[in-house]
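**Student:** The structure follows.
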Amino acid sequence: MKIISYNRIINPSLLLINHELPSNTIHRPRLISTSAPSISSFNMRKKVLIMRLPCCFATRAALSSSMKTDTYSGSRKQKSSSFYTHPSLLEMKNEKEANRACVYEFLRSIGIVPDELDGLELPVTMEVMRERVDFLQKLGLTIEDINCYPLVLGCSVKKNMIPVLDYLGKLGVRKSTLTDFLRRYPQVLHASVVVDLAPVVKYLQGMDIKSNDIPRVLEKYPEVLGFKLEGTMSTSVAYLVGIGVARREIGGLLTRYPEILGMRVGRVIKPFVEYLESLGIPKLAVARLIEKHPHILGFGLQERVKPNIKSLLQFHLRETALPSVIAQYPEILGIDMEAKIPSQQEFLNSIIESTCEDFGRVVEKMPQIISLSKAPVVKHVDFLKECGFSLEEVREMVVGCPQVLALNLDIMKQSFEYFKSTMARPLQDLVAFPAFFTYGLESTIKPRHKRIAEKGLKCSLTWLLNCSDEKFDQRMGYDFIDLEEMQVGESSFYMNTLLEPRNDESASDCDEDSGEGDNV
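Everything in the sequence shown is counted per the working numbering, starting at -8 for the first residue and increasing by one.
Pasting the structure below:
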């Protein structure tokens, strides 16, 4: 039995008839046309249609469900028989591990240990990895360099390396220094030019570092590119200004020793400053020392500075002389004292027969003696002996003025010739005042000797030379020479020279302005 159902009346003259079919058969609905005059017949069957609608809907729902089931089943069959299939997550994982194993095998074959690369995003093919290794080697890095920081292999050549290198080149970083630059700070290849590098460069310029000096600063200390702007860099500069370092000196100070930007105040700078204060150097004097010799902050306090001070005291330096010694020769805080000071003491004793106490006085007056080469010292001692001084007198002269071992030998010969021929003084005067050799012959010795000779004065070399030009002019106005002034003590270093106020700031500003104008 066939059930006739009607879906919808589209036109009074058209009826849609949907025959009930088996569930596995699909037919299109057929349109049965009726003649227009048979309206009465249509009206009679209208009631039948309304009664059959529930049955029609139920039938169509069953038919639709059957069609969807068949269609889904057919789709699955068609998909399973398709030529292209999506890999499963497990298959993708296995393929990725296989590719990574190939990359690791390649790296091991060229000597790179890939153990630290686990978890790092790497190229899926060996060819891309080979490209990265070749590019790094063209930059001058060796396999050993890459092993020191294998994470650099995670950098893309086009996306990471080339933009960073182009930026450094535009700043002025020299190609000849690039290899060492990357060895010291390979992490720069991971950086973003806009987010990481450019803000640091702008900060350095804000610290009064000239644009032309920026590349030199980066070459000296490439690690600065990895610092946070509001972290160690800003606090270290603020502390130095706080102890008395002139703000206008910061730019030059950082240009000469940019490593200060990476030093922590609490761990490095402040303990160093406080230790020098404990030795008797005023804080402002420490600030001036840092202005002139900023690299002394890099001397390890516990590893080098304190052991060196201990060694000096052990070799008969007086504790009260330590501030003067450090102020004269700040390098003494960082040299290898244990290796040098015993050998220098033994050497000096061998040529002038000095005692341990004599060596201590020599270092106090000229701490550079610790780093002085032996050959020049021998030549100077031989010269003094040739001048007619005995070994005992030479020892006394060296202890009184150690600078006679380091002066220009030709100038010393000219000064001695003038002393002997023109001034006609006894050698004992030089033994009493060996600092005579430290004064300029044309600028000081000749003019002053001429004036006292014209006036007919007789005085010691100390009274003649150990004073400023202004003081000497005053002495020339005396009717007689005071005996106390005849016994003026030997010249020495005073800490006040580091505490004097600056009086050349305006001149320096003018020089900087004129220099910039010349560059333009």
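A virtual CB, placed ideally from N, CA and C, is assigned to each residue, including glycine.
Quick check on the burial criterion: 16 or more other C-beta atoms within 10 angstroms. Buried or exposed for arginine 239?
**Tutor:** With fewer than 16 other Cβ atoms within 10 Å, it is exposed.
**Student:** Would you grab the beta carbon distance between leucine 220 and proline 190 for me? Rounded to a whole angstrom, and I think it's under 8 Å.
**Tutor:** 6 Å
**Student:** Is the beta carbon of leucine 180 closer than 8 Å to that of cysteine 139?
**Tutor:** no
**Student:** Tell me which same chain residues have a C-beta within less than 7 Å of the C-beta of valine 256, skipping the five on either side of it?
**Tutor:** Thr226, Ser227 and Tyr230
**Student:** State yes or no: is the C-beta of glutamine 319 within less than 8 Å of the C-beta of isoleucine 360?
**Tutor:** At the C-beta level, glutamine 319 and isoleucine 360 stay beyond 8 Å of one another.
**Student:** Roughly how many whole angstroms lie between the Cα atoms of leucine 313 and leucine 144?
**Tutor:** 52 Å
**Student:** Quick check on the DSSP output: what are the complete alpha helix (DSSP H) runs of length 4 or more inside the stretch 142 to 217, in order along the chain?
**Tutor:** For the alpha helix (DSSP H) assignment, the uninterrupted runs of no fewer than 4 residues enclosed by the stretch 142 to 217 are, from N- to C-terminal side, 153 to 162, 166 to 175, 189 to 197 and 205 to 211.
**Student:** Could you tell me if cysteine 520 is buried or exposed, where buried requires 16 or more neighbouring beta carbons within 10 angstroms of its beta carbon?
**Tutor:** Beyond the ends of the chain as shown, which are -8 and 511, falls residue 520; an answer cannot be given.
**Student:** Taking the C-alpha atoms as reference points, what is the distance between leucine 113 and lysine 193?
**Tutor:** Their Cα atoms are separated by approximately 33 Å.
**Student:** Enumerate in chain order the residues of its own chain whose CB-to-CB distance from isoleucine 137 is below 8 Å, with the five nearest sequence positions on each side excluded.
**Tutor:** Ile103, Val124, Leu127, Val143 and Leu144
**Student:** Can you tell me whether aspartate 204 is buried or exposed? The criterion is at least 16 other CB atoms within 10 Å of its CB, across all chains shown.
**Tutor:** buried
**Student:** Would you grab the beta carbon distance between valine 389 and valine 353 for me? Rounded to a whole angstrom, and I think it's under 8 Å.
**Tutor:** Their Cβ separation, rounded to whole angstroms, is 7 Å, which keeps valine 389 and valine 353 in contact under 8 Å.
**Student:** Identify, in the order they occur along the chain, each residue of the same chain with its Cβ nearer than 8 Å to the Cβ of leucine 303, setting aside the five sequence neighbours on each side.
**Tutor:** Taken in chain order, the residues that qualify are Leu313, Val316, Ile323, Met328, Ile332 and Val354.
**Student:** Is arginine 165 buried or exposed, if buried means 16 or more other CB atoms sit within 10 Å of its CB?
**Tutor:** exposed
**Student:** Give every residue of the same chain whose Cβ lies closer than 6 Å to the Cβ of isoleucine 342, excluding the five residues on either side of it in the sequence, and list them in chain order.
**Tutor:** Val372
**Student:** Quick one: using the 10 Å Cβ neighbour count with 16 as the cut-off for buried, is tyrosine 212 buried or exposed?
**Tutor:** buried
**Student:** Tell me the DSSP secondary structure of histidine 440 in three-state form.
**Tutor:** helix
**Student:** Is the beta carbon of glycine 217 less than 8 Å from the beta carbon of tyrosine 158?
**Tutor:** no
**Student:** Applying the criterion that 16 or more other CB atoms from any shown protein chain within 10 Å of the CB defines a buried residue, is serine 406 buried or exposed?
**Tutor:** Residue burial annotation: serine 406 is buried, with at least 16 other C-beta atoms found within 10 angstroms of its C-beta.
**Student:** Any idea if alanine 27 is buried or exposed, counting beta-carbon neighbours within 10 angstroms, 16 or more meaning buried?
**Tutor:** Residue placement at alanine 27 is flagged as unreliable, the pLDDT there being 43, under the threshold of 50; the coordinate-derived value follows with that caveat. Classification for alanine 27: exposed.
**Student:** On a CA-only basis, which of Leu398, Ser451, Leu188 and Val422 is nearest tyrosine 430? Give me that one, please.
**Tutor:** Leu398
**Student:** Report the residue from Glu107, Thr435, Val369 and Met357 whose alpha carbon sits nearest the alpha carbon of phenylalanine 338.
**Tutor:** Val369
**Student:** In whole angstroms, what is the alpha-carbon distance linking valine 236 and glycine 163?
**Tutor:** 29 Å
**Student:** Could you tell me how far apart the beta carbons of valine 208 and leucine 195 are, in whole angstroms, since I believe they sit closer than 8 Å?
**Tutor:** Rounded, the Cβ-Cβ distance is 6 Å, consistent with contact.
**Student:** Kindly give me the distance between the Cβ atoms of glutamate 122 and valine 94, rounded to whole angstroms, as I take these residues to be in contact under 8 Å.
**Tutor:** With a Cβ gap of about 12 Å, glutamate 122 and valine 94 do not count as contacting.
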